[in-house]
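Everything on this sheet refers to the single structure shown next.
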Amino acid sequence: MSSPDLNPPQAEAALHTHGPLLVFAGAGSGKTRVITYRIANLIARQGVAPYRILAVTFTNRAAKEMRERLGKLLGDSIARDIWAGTFHSTCAKLLRQYGESVGLTRSFVIYDTQDQKSLVTRILKEHYEGDARFAPKQVLAWIGKQKQEAKSPDDCGENTFERGYADVYALYDKQLRACNAVDFDDLILLTSRILSDAKNPDGDRIRNRFEHVLIDEFQDTNAVQYKLMRSLVSKHQNLCVVGDDDQSIYSWRGADVRNIRGFERDFPDAKVVKLEQNYRSTAHIVGAALAVIAPSRTREPKELWTANEAGEPIEVIGLETEREEAALVVSYAKQAREAGVDLRGVAVFYRINAQSRVLEEALRASNIPYQIVGGMKFFDRAEVKDALSYLRVLDNPKSDVDLLRIINTPARGIGDSTVDKFTTYAAFSGQSLTDALSEADAIADLSSGPRKKLAAFGKLLAKLRDEATRLSPSDLLSAVLDETGYRTSLRAENSPEADSRLENLQELFGSLRDFEAEVQAAGEPATLAAFLERVSLVNDVDQMEDAARITLMTVHSAKGLEFNLVLLTGMEEEMFPYRGFDDRDDAQLEEERRLAYVAITRARQRLVITHVQRRQIFGTTRACVPSRFIGNLPHEAVVHRSTSAPRPRYVDQPGYSSYGGATGTRRPSDQPWSHPQGPARPAPPPLAPGERFVDREFFDEGASDFDESPKLRPGSAVFHERFGHGKVSAVGGGAEPVVTAFFPGWGEKKVLIKFLSAGGR
DNA sequence: CGCGAGCTCTTTTTT
DNA sequence: AGAGCTCGCG
Numbered sequence: 003m004s005s006p007d008l009n010p011p012q013a014e015a016a017l018h019t020h021g022p023l024l025v026f027a028g029a030g031s032g033k034t035r036v037i038t039y040r041i042a043n044l045i046a047r048q049g050v051a052p053y054r055i056l057a058v059t060f061t062n063r064a065a066k067e068m069r070e071r072l073g074k075l076l077g078d079s080i081a082r083d084i085w086a087g088t089f090h091s092t093c094a095k096l097l098r099q100y101g102e103s104v105g106l107t108r109s110f111v112i113y114d115t116q117d118q119k120s121l122v123t124r125i126l127k128e129h130y131e132g133d134a135r136f137a138p139k140q141v142l143a144w145i146g147k148q149k150q151e152a153k154s155p156d157d158c159g160e161n162t163f164e165r166g167y168a169d170v171y172a173l174y175d176k177q178l179r180a181c182n183a184v185d186f187d188d189l190i191l192l193t194s195r196i197l198s199d200a201k202n203p204d205g206d207r208i209r210n211r212f213e214h215v216l217i218d219e220f221q222d223t224n225a226v227q228y229k230l231m232r233s234l235v236s237k238h239q240n241l242c243v244v245g246d247d248d249q250s251i252y253s254w255r256g257a258d259v260r261n262i263r264g265f266e267r268d269f270p271d272a273k274v275v276k277l278e279q280n281y282r283s284t285a286h287i288v289g290a291a292l293a294v295i296a297p298s299r300t301r302e303p304k305e306l307w308t309a310n311e312a313g314e315p316i317e318v319i320g321l322e323t324e325r326e327e328a329a330l331v332v333s334y335a336k337q338a339r340e341a342g343v344d345l346r347g348v349a350v351f352y353r354i355n356a357q358s359r360v361l362e363e364a365l366r367a368s369n370i371p372y373q374i375v376g377g378m379k380f381f382d383r384a385e386v387k388d389a390l391s392y393l394r395v396l397d398n399p400k401s402d403v404d405l406l407r408i409i410n411t412p413a414r415g416i417g418d419s420t421v422d423k424f425t426t427y428a429a430f431s432g433q434s435l436t437d438a439l440s441e442a443d444a445i446a447d448l449s450s451g452p453r454k455k456l457a458a459f460g461k462l463l464a465k466l467r468d469e470a471t472r473l474s475p476s477d478l479l480s481a482v483l484d485e486t487g488y489r490t491s492l493r494a495e496n497s498p499e500a501d502s503r504l505e506n507l508q509e510l511f512g513s514l515r516d517f518e519a520e521v522q523a524a525g526e527p528a529t530l531a532a533f534l535e536r537v538s539l540v541n542d543v544d545q546m547e548d549a550a551r552i553t554l555m556t557v558h559s560a561k562g563l564e565f566n567l568v569l570l571t572g573m574e575e576e577m578f579p580y581r582g583f584d585d586r587d588d589a590q591l592e593e594e595r596r597l598a599y600v601a602i603t604r605a606r607q608r609l610v611i612t613h614v615q616r617r618q619i620f621g622t623t624r625a626c627v628p629s630r631f632i633g634n635l636p637h638e639a640v641v642h643r644s645t646s647a648p649r650p651r652y653v654d655q656p657g658y659s660s661y662g663g664a665t666g667t668r669r670p671s672d673q674p675w676s677h678p679q680g681p682a683r684p685a686p687p688p689l690a691p692g693e694r695f696v697d698r699e700f701f702d703e704g705a706s707d708f709d710e711s712p713k714l715r716p717g718s719a720v721f722h723e724r725f726g727h728g729k730v731s732a733v734g735g736g737a738e739p740v741v742t743a744f745f746p747g748w749g750e751k752k753v754l755i756k757f758l759s760a761g762g763r
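Quick note: the first sequence, position 49, residue 51 per the working numbering, numbers continuous.
Here you go:
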């Protein structure tokens, strides 16, 4: 296997067989090739049984691709036996088999974000009526964080405030178990518990099962995942982790880049290999990526390089508005299509999903075939979730969240007050809602009408559950849609919206059919449970179609993918690096920088970067200046174009020193960006309330084409009679001249601009 | 009880 | 800008 297929470090990694191995795999350095060759080597030369190899990937799509490649090297029947999947899907599979000791039966369901929210809302209503301390979203974020750090309710809650959260956490977990349900974080956490419980024989069973463990995208593992991994390999230490600290972009969901940076501390015997030659991109693109990541403070030392030719220069294009930007994307796509380029190789990236709509509209209007990854997911649509809730509650009767979702969908006269009394009864008698349904006649609080309706609903479900034992999953779905009247009620609406819902249900049916065919082809039974699990754990990248269309997605979704032509849009301060409501700290800014690095390194041949002067987003118009990351690009690798004359802009824009080639190659400083207009601007005298805010210095000189209201922008310092000094967080568009501003001591306030004056400090 | 209008609130990135 | 929610009416 020291073949010409692999360069020396690649071969070194691929031929490693025992003990811990850390592979730093630079972008485009042939990582997947190394992983597949290494697994092939373990099987073909070392005689390791394929089913004793676990390969954890970041997406199910990556797992599938790995399997396909291995299929070519070793044959499909061997490749099929390898355990390959994400942390979440692997753990789900293990819990189906070994979940009993942590309180799960085989038919447990996986609650998604929406389900979690409805469960927590119900708990808060029941136990904390009227307590404003708890907002479901915040509580869930906090619980998620604890779970990602492997903390149980008893392990957390240092102060009173957190203690309150910990109590909700305990109730929430109790409810989940009562529902025979888990959330995403539980998949990892519960598996980890099984493994680290010395008294649990299942832990050893799992451990013994895997002789070799491989983890890809290791820089994006969190604390529980790390813990799980350590106990998984504690006996044999046959562990190979592959990653790139420069591509760590998931700290916001608990990923800890220290897992990769500190790997050698926990595994002192680890062999370390660095893959530094990039085979993917042109030299210009590699150079651009390096220049963007270079100012990063904390990096594992490594040198990415390429022997590829320089290629086309990177185009940086300035436009007026997001609509023009979309038109530019269309024109590049058209150009590509007319040149006979395969549209599969073209991608459009953006920082946040909200940017996709304008792009989508423009592409649709121009008949350019495209697909969008992310955003509103198919399986998140209300009608699809309704149908799935029926299936889930048939499979797992204890799932109260699902039962509540469908108890009055379609409307069957069971209103809120009936539901309240019913759930109270169930809680009081300690039953699941499904069980309580069969006693509907005995609920003293209810009058005969609601009792009858509940009982009828219970009979309907019982009938369907009976049919479920005989029908295939797809036939069961048909039965559900018919017998519940769901289809009929949508047809009766006779509206375009209802028609599109019916189409979506048809699509769900189709996808269930596809699933059955696929699973049966692999010689396995197509169970409803397996389908529901797959639906819970697929992401949009997994679902990406391999059709001849261009692809639109966030930079996060693009991780691990590559395209011949990448159009990277919205490269403006505040958008990318993104700044939401709050200022960000250095660590967050570093992550934005790594995100930009990921974006650039997805491109093979051509990279086009666009930025606009003003952008309409979240209902307001923002003035925009080019991103500091544009300022980092090496002069010689870039051509600048603009559809309009350059306009004046803030000269002290941090991290951005040259635009249109004005000042050349000076390395920009990389300061926190919280004050784009620069610190310590002299304060103009406050105006009397009622006077208009017209401080020229605060606004862009070239912005006369804005609209009628004064040109405050996020970050502008303002003064208000009552609230004092503050900072604008958003500018309200439309007729009302209002802005949202943050005032220390008062919080976010929406105020009329006429009551504001320019306020320095 | 169900529906609709108006209101508020949010607005990163996702398994 | 958009979704989701609450409130009031039929």
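The beta-carbon is built from N, C-alpha and C at its ideal position, and this holds for glycine as well. All of these numbers come straight from a predicted model, not from anything done at the bench.
query: Under 9 Å between C-beta atoms of F578 and L563; result: no
query: Closest Cα partner of P628 within the set A137, A27 and R643; result: R643
query: Secondary structure, alpha helix (DSSP H): runs of 4+ residues fully inside the segment 21–84; result: 33–46, 62–76 and 78–83
query: Start and end residues, alpha helix (DSSP H) containing I262; result: R260 to R263
query: Chain-order list of residues whose beta-carbon lies under 7 Å from that of R98 (same chain, five-residue window excluded); result: R108
query: Endpoints, alpha helix (DSSP H) assigned at I354; result: I354 -> no alpha helix (DSSP H), and no H or E assigned at all.
query: CB-CB length for L478 against E469, believed under 8 Å; result: 7 Å
query: Distance between E547 and I370 (C-alpha atoms, nearest Å); result: 16 Å
query: S358 and L405 closer than 9 Å at C-beta; result: no
query: Counted within 10 angstroms of its Cβ, other Cβ atoms place E518 as buried (16 or more) or exposed; result: buried
query: Start-to-end residues for the beta strand (DSSP E) that takes in C93; result: Element bounds for C93: not the beta strand (DSSP E) but the alpha helix (DSSP H), F89 to Y100.
query: Inter-residue CB distance, A94 and E535 (contact presumed, cutoff 8 Å); result: 6 Å
query: Which listed residue (N224, V386, V58 and D204) has its alpha carbon closest to that of L241; result: V58
query: For V610, the nearest candidate out of S236, D206, A290 and K139 (CA to CA); result: A290
query: C-alpha gap between D587 and V170, whole angstroms; result: 30 Å
query: Identity of the residues DSSP links to W307 by a beta bridge; result: Q279
query: Expected contact under 8 Å - CB spacing of V294 and R595 to nearest Å; result: 7 Å
query: Where the beta strand (DSSP E) through Q239 begins and ends; result: Q239 -> no beta strand (DSSP E), and no H or E assigned at all.
query: Every unbroken alpha helix (DSSP H) inside the segment 102–175 [4 residues or more]; result: 115–129 and 138–150
query: For A42 and L8, the rounded distance between their alpha carbons; result: 14 Å
query: Beta-bridge partners of T300, as assigned by DSSP; result: DSSP, once it has assigned bridges, lists no residue as partnering T300.
query: Selection from V641, A64, E592 and V720 that minimises the alpha carbon distance to V259; result: E592
query: Distance CB(K455)-CB(I416) smaller than 9 Å; result: yes
query: Helix, strand or coil at N506 [DSSP, three-state]; result: helix
query: Whole-Å CB distance - L567 paired with A338, under 8 Å assumed; result: 6 Å
query: Expected contact under 8 Å - CB spacing of Q148 and I190 to nearest Å; result: Going by Cβ atoms, the distance from Q148 to I190 rounds to 13 Å, so no, they are not a contact pair.
query: Proximity test, A42 beta-carbon vs the ligand COA heavy atom, cut-off 8 Å; result: No copy of the ligand COA occurs in the structure displayed, which carries no ligand at all.
query: Where I190 sits in the DSSP three-state scheme; result: helix
query: Backbone secondary structure at M231 - three-state DSSP; result: helix
query: 6 Å Cβ shell around V274 - same chain, five flanking residues per side excluded; result: L24
query: Buried/exposed call for P10, threshold 16 Cβ in 10 Å; result: exposed
query: Simplified DSSP state of D185, which is helix, strand or coil; result: strand
query: Residues that K423 bridges to, as DSSP identifies them; result: DSSP, once it has assigned bridges, lists no residue as partnering K423.
query: Cβ-based burial, A549 [other Cβ within 10 Å; buried from 16]; result: exposed
query: Residue closest to L197, alpha-carbon to alpha-carbon, out of R232, R165, E213 and Y174; result: R232
query: Which listed residue (P297, E362, T300 and R207) has its alpha carbon closest to that of E324; result: E362
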